[in-house]
Amino acid sequence: MPPRVIRVSEQADQLTYWALLGALGHASGHFLLSNAKRYQFLPPGDVTFLDDLRQSSFLVGLGKAGPGYPLFWIPLVKTYMRNTAGNRVALIALLINVGSLIVPSRFGFSYTQAVLFGGMSIDQIFFVPHEKQQTLEYALWPLMTTLPNGAWAWFECMACSTNPWMMQYGHILYDAYMVSSYTLFYLFFWWMEYRKQQQQQQPGLDVVDAKKVM
């Protein structure tokens, strides 16, 4: 009989959990931007958000700049810097939010990807315990998720203004791969655990242990 309950390693589970929360934060960003366009809050591509705020009344400016910090930046930065203390995340998110105001709106996606991947690198270098860095989960995570997502993000940024196909479908593919890569990562370690339990039930077979693959 195959094992009924398959539990992946805690590290694979946590990596996937926080990444999917990040995907929800990404979706909330789309929601905020779509409403900004709907209510004409989003400035033209060559205009910075700061210049746009200067031309708005205080209440309108607060409506444009206020919700993004608690509803978008803080939760999204936390999913990329999950090992960093909450007060540090709030401060970093505030700095990122201020920085986003001086970037032309058409570079908003590029700016967001740069600061999020930069924050994740800082988190993993300084705040991930050394023993967790010596695992297969830690090694495969960037290969299956971060590097392909980052490469596609920069390709989209460079090609979306000149390639009509990329302009229309580039970000859809980015979003689709982002969620798919997290799912495939989790399923891979689910399969590893499934094989491990199967082999434990069959004497004479070597047990597959993800921690010993490295």
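Using numbering that gives the first Met the number 0, the first residue of the sequence shown is number 0, and each one after it goes up by one.
Note that the Cβ used here is the ideal one computed from N, Cα and C, for glycine as well.
{"Item": "Sufficient close CB pairs (3 or more, under 8 Å) joining the segment 95-104 to the segment 141-149", "Value": "no"}
{"Item": "Contact set for Gln13: own chain, Cβ-Cβ below 8 Å, skip 5 residues either direction", "Value": "Arg81"}
{"Item": "Beta-carbon proximity list for Pro180, same chain, < 6 Å, skipping 5 on both sides", "Value": "According to the sequence provided, residue 180 is Ser. The question's Pro does not apply to it. Here the set comprises Met143, Thr144."}
{"Item": "Between the CA atoms of Val76 and Asn84 - distance to the nearest angstrom", "Value": "Reading the sequence as shown, one finds Ala at residue 84 and not Asn. If I take the Cα positions, the gap works out to 11 Å."}
{"Item": "Buried versus exposed, by CB contacts within 10 Å (16 or more), Gly21", "Value": "buried"}
{"Item": "Per DSSP, the bridge partner or partners of Pro128", "Value": "Answer is none; Pro128 lacks a bridge partner."}
{"Item": "Three-state secondary structure assigned by DSSP to Pro66", "Value": "coil"}
{"Item": "Met157 burial status per 10 Å Cβ neighbour count (16 or more: buried)", "Value": "exposed"}
{"Item": "One or two residues paired with Pro74 in a DSSP bridge", "Value": "Note: Pro74 sits in no beta bridge, so no partner."}
{"Item": "Selected residue, minimal CA-CA separation from Leu172, among Trp189, Trp72, Tyr137, Phe154", "Value": "Phe154"}
{"Item": "Alpha carbon of Ser160 to alpha carbon of Leu70, nearest angstrom", "Value": "29 Å"}
{"Item": "CB contact flag (Tyr68, Asn96, <8 Å)", "Value": "yes"}
{"Item": "Cutoff 8 Å; reference Tyr185; Cβ partners in own chain excluding five residues on either side", "Value": "Val7, Ala11, Asp12, Thr15"}
{"Item": "Whether Trp140 touches Thr78 by CB criterion (8 Å)", "Value": "no"}
{"Item": "Test item: CB-CB of Leu31 and Pro66 under 8 Å", "Value": "yes"}
{"Item": "For Met191, the nearest candidate out of Gly169, Val88, Leu135 (CA to CA)", "Value": "Leu135"}
{"Item": "Span of the alpha helix (DSSP H), counted from its first residue to its last, around Pro147", "Value": "146-158"}
{"Item": "Where Gln112 falls: helix, strand or coil (DSSP)", "Value": "helix"}
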